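Here is the structure we will look at.
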Amino acid sequence: SQQGEEDPQALSIQEGENATMNCSYKTSINNLQWYRQNSGRGLVHLILIRSNEREKHSGRLRVTLDTSKKSSSLLITASRAADTASYFCATDADSYKLIFGSGTRLLVRP
Amino acid sequence: DAGITQSPRHKVTETGTPVTLRCHQTENHRYMYWYRQDPGHGLRLIHYSYGVKDTDKGEVSDGYSVSRSKTEDFLLTLESATSSQTSVYFCAISEPGQGYYEQYFGPGTRLTVT
Numbered sequence: 004s005q006q007g008e009e010d011p012q013a014l015s016i017q018e019g020e021n022a023t024m025n026c027s028y029k030t031s032i033n034n035l036q037w038y039r040q041n042s043g044r045g046l047v048h049l050i051l052i053r054s055n056e057r058e059k060h061s062g063r064l065r066v067t068l069d070t071s072k073k074s075s076s077l078l079i080t081a082s083r084a085a086d087t088a089s090y091f092c093a094t095d096a097d098s099y100k101l102i103f104g105s106g107t108r109l110l111v112r113p
Numbered sequence: 022d023a024g025i026t027q028s029p030r031h032k033v034t035e036t037g038t039p040v041t042l043r044c045h046q047t048e049n050h051r052y053m054y055w056y057r058q059d060p061g062h063g064l065r066l067i068h069y070s071y072g073v074k075d076t077d078k079g080e081v082s083d084g085y086s087v088s089r090s091k092t093e094d095f096l097l098t099l100e101s102a103t104s105s106q107t108s109v110y111f112c113a114i115s116e117p118g119q120g121y122y123e124q125y126f127g128p129g130t131r132l133t134v135t
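Note that the protein sequences, when read in sequence, are chains V and Z.
Each residue of the first sequence is one higher than the last, beginning at 4 in my numbering.
Each residue of the second sequence is one higher than the last, beginning at 22 in my numbering.
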């Protein structure tokens, strides 16, 4: 069973626009992580937010976490064509095991 | 890909044959993982290892076995491949730091079982 579920499943935006992806999960967590996967490649870690944090920034990425709603969002500002990828949230079932959602496919049109 | 290689990168095999996939790391990380990725399912954990000869099952372990005789190598074996095991397989590694486990992924192995 999957802990994280991303929404939307697919998102198409124009270059320069912001992209927002949401993740919902079911059980209590210690941390929530976001990963990116370019086509045909392995996943790459983007950012982690701890359960006692509400918001975190890294460059053009902004992650929020609402533990009361068991949800997180990833905002990519001023998107670029190179941001085209699939984005996954991952929650820690046990501290060393992650459960991944099914991902959001982002297409940034030039 | 953070010092992680997977071999082979592509494989086509027939139903009923045994298949072994290899994950090799040069990072000396303690934890290693095998996932499969299928459309609509994201990544699902097959098996993981928390040290040499220490392994445990993940979410979808039926039909798979693993071995880890050295820190750097983690092998995934399909004892008798079935068409339902057609998938892309990813290896990942992690080492605890600051209380969380960021994972680093290999490039993947695309396996087709005919």
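A virtual CB, placed ideally from N, CA and C, is assigned to each residue, including glycine.
All of these numbers come straight from a predicted model, not from anything done at the bench.
With a beta-carbon spacing of about 7 Å, I52 (chain V) and N34 (chain V) fall inside the 8 Å limit used to define contacts. Rounded to the nearest whole angstrom, the C-alpha separation of Y85 (chain Z) and I25 (chain Z) is 21 Å. Under DSSP, V33 (chain Z) takes part in a beta bridge, and its partners are Z:T133.
Closest option to K29 (chain V), judged by alpha-carbon separation, among V:G62, V:T107, V:P113 and V:A93: V:A93.
Contact of H60 (chain V) with chain Z by beta-carbon distance below 8 Å is absent, the smallest such distance being about 17 Å. Cα atoms of C112 (chain Z) and S82 (chain Z): separation of roughly 14 Å, rounded to the nearest angstrom. Residue contact with chain V for Y110 (chain Z): absent (no Cβ-Cβ distance below 8 Å to any residue of chain V). When secondary structure is reduced to three states using DSSP, S105 (chain V) falls in the coil class, being assigned neither helix nor strand. From the beta-carbon of L66 (chain Z), the residues of chain V found nearer than 7 Å are K100. Look at D83 (chain Z) here: in three-state DSSP terms it is coil, with no helix or strand label.
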